[in-house]
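Novice: Our numbering applies: residue 2 is where the sequence shown begins, and numbers increase by one.
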Amino acid sequence: MSKEYYFVYFEPEEWIAFREVKQFGSGSYAQTVYPSPYPFYGAVRSAILKAHGIELQYHKKPNIPKQLQELVGDENNPGRIKLIGPFIYSEENGQKKHYFPAPKNVYLKQDNGEKQYKRMQYFEVETKVGNFTLNGLAWIPEMTNIEPAEEAYIELRELEKYKQGQSFKLSSPKNFIIESKVGIALEKDYKKVKESMLYTMNVYRFKNGGFFMITDSKETVQELTKLEGVFLGAKQRWARISVEKVTTTLFDKLENTNHEQTAIMLITPAIYNGGIAPSELKFGNSQILAIASGKRMVISGWDYAFGRPKPIYHAVASGTVYYLDSMPSETDVIEKSEHNLFGFGSFIYTTYEKFKANI
């Protein structure tokens, strides 16, 4: 059953970057990485505080009235601001397309020149994954004319099809490039170049689009629609904010399906106490049978109040798929991830098939 959500768009004025977690010095080259929720929450929080007349100073905690503090939270709690993402969108002729990270259990089948994207099936065989022993693995049931999926994204309407076990396809947004920029560092408190501090950084440059986040919180939308935009990412680049209602079945529970063949797909990174999964290999009472995952990603941020990096976490990547023996509740899944109030560990339900060998 379709439900209406608010999609919050962040359209960069020009280039924008989210620097990888590493030391930065003379002659350094810094990669821009796909952003976590942290810089978006930080940018929104700062913009709301400024709109309420709060003066923000670097390396100094602002004096925030209690009622406003409860709204915007702090670096460890988002308050009443509720956002899931970020994801990428493009816009052409007034029509927006919304892209999510592609599921990790997808492969490409070439048949008479026709591409078919397919899901890996569940193969019951004891499997070691890191420190875990699983009951099975995500298995490609074909041997010929197969290759890894070439695209890293899936558009919203195709993801709805994937969720329901229907035919789908992957596609990547064509509205951004990653380019390199050369920069110089300035002496603190002086408008002069810091000696030997020339560096290179690569950045996103969008054309007709940017990032978006999702919410069902009317209070969040009321606060965001008061803002023209936010300063976002490395070097605090300006991004214009807009909000639209979008109808989707993406977050619905599965209906008319075998709950014993339920899977979940992460649409945002998750931080689990067992690394690649919860330590007990369960979401509530639902046992994890197999995992299709990619490389874990480093999550951190910058604490502007104290002028230092935030703690580093190694998160399970968006797109990771967990094959389960039953359908868990939304709460059972979400609460397994640390920092879930910031949107970490957000997911959708989907299905899987069991592998049957032809003997």
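For each residue, glycine too, the CB sits at the ideal point set by N, CA and C. All values derive from a computational prediction rather than experimental measurement.
Counting pairs of beta carbons, one from the region 69-85 and one from the region 147-161, are three or more of them closer than 8 Å?
Specialist: Not touching, per the Cβ criterion.
Novice: If we count Cβ pairs, one from each stretch, closer than 8 Å, do we get three or more for the region 114-123 versus the region 56-75?
Specialist: Judged by Cβ distances under 8 Å, the region 114-123 makes no contact with the region 56-75, as fewer than three pairs qualify.
Novice: For Val-317 and Phe-133, what's the separation of their Cα atoms in angstroms?
Specialist: Looking at the two C-alpha atoms, the distance is approximately 15 Å.
Novice: Using beta carbons (cut-off 7 Å, strictly below), is Ala-48 in contact with chain B?
Specialist: Here chain B cannot be found, since the structure has a single protein chain.
Novice: Quick check on the burial criterion: 16 or more other C-beta atoms within 10 angstroms. Buried or exposed for Gly-86?
Specialist: Answer is buried; the Cβ neighbour count reaches 16.
Novice: To which residues of the same chain is Ala-264 closer than 7 Å at the C-beta, ignoring the five residues directly before and after it?
Specialist: Correct list, in chain order: Val-322, Tyr-323, Tyr-324, Leu-325, Thr-351, Thr-352 and Tyr-353.
Novice: Suppose the cutoff is 6 Å on Cβ atoms and the five residues either side in sequence are ignored; what does the same chain contact list for Arg-46 look like?
Specialist: Cβ within range, chain order: Val-73.
Novice: Give the single residue among Glu-127, Leu-251, Ser-338 and Gln-58 whose Cα lies nearest to the Cα of Gly-276.
Specialist: Residue Ser-338 is the option with its Cα nearest to Gly-276.
Novice: Which runs of the alpha helix (DSSP H), 4 residues or longer, sit entirely within the region 129-192?
Specialist: Runs of the alpha helix (DSSP H) inside the region 129-192: 157-164.
Novice: Do you know how far the Cα of Lys-236 is from the Cα of Tyr-42?
Specialist: One C-alpha to the other measures close to 16 Å.
Novice: Just checking my contact of Asn-176 with Ser-243 at CB under 8 Å: how many whole Å lie between their CB atoms?
Specialist: In fact, because the Cβ distance is near 16 Å, the residues do not count as touching under 8 Å.
Novice: Would Met-2 be called buried (16 or more neighbouring beta carbons within 10 Å of its own) or exposed?
Specialist: Met-2 comes out exposed.
Novice: Less than 8 Å between C-beta atoms, sequence neighbours within five positions excluded: which residues of the same chain meet that for Lys-246?
Specialist: Same-chain partners within the cutoff: Glu-5, Tyr-6, Tyr-7 and Phe-8.
Novice: Buried or exposed for Ala-139, please, with buried defined as at least 16 other CB atoms from any protein chain shown within 10 angstroms of its CB.
Specialist: When all chains shown are included, Ala-139 counts as buried.
Novice: To the nearest whole angstrom, what separates the beta carbons of Gly-234 and Phe-19, a pair I think is in contact under 8 Å?
Specialist: So it is a contact: roughly 5 Å between Cβ atoms.
Novice: Use the C-beta contact count for Ala-52: other C-beta atoms within 10 angstroms, 16 or more gives buried, fewer gives exposed.
Specialist: Flag for Ala-52 reads exposed.
Novice: How many angstroms separate the CA atom of Ser-287 from the CA atom of Ile-268?
Specialist: So the two alpha carbons sit approximately 19 Å from each other.
Novice: Cβ of Gly-346 within 7 Å of Cβ of Ala-103?
Specialist: Not closer than 7 Å, so no.
Novice: Cβ of Ala-271 within 7 Å of Cβ of Asn-106?
Specialist: In this structure, Asn-106 does not lie closer than 7 Å to Ala-271 by Cβ.
Novice: I need the boundaries of the alpha helix (DSSP H) containing Tyr-18, first residue and last residue.
Specialist: Going by the sequence as given, residue 18 is Ala instead of Tyr. It is not in any alpha helix (DSSP H) - Ala-18 carries neither H nor E in the DSSP assignment.
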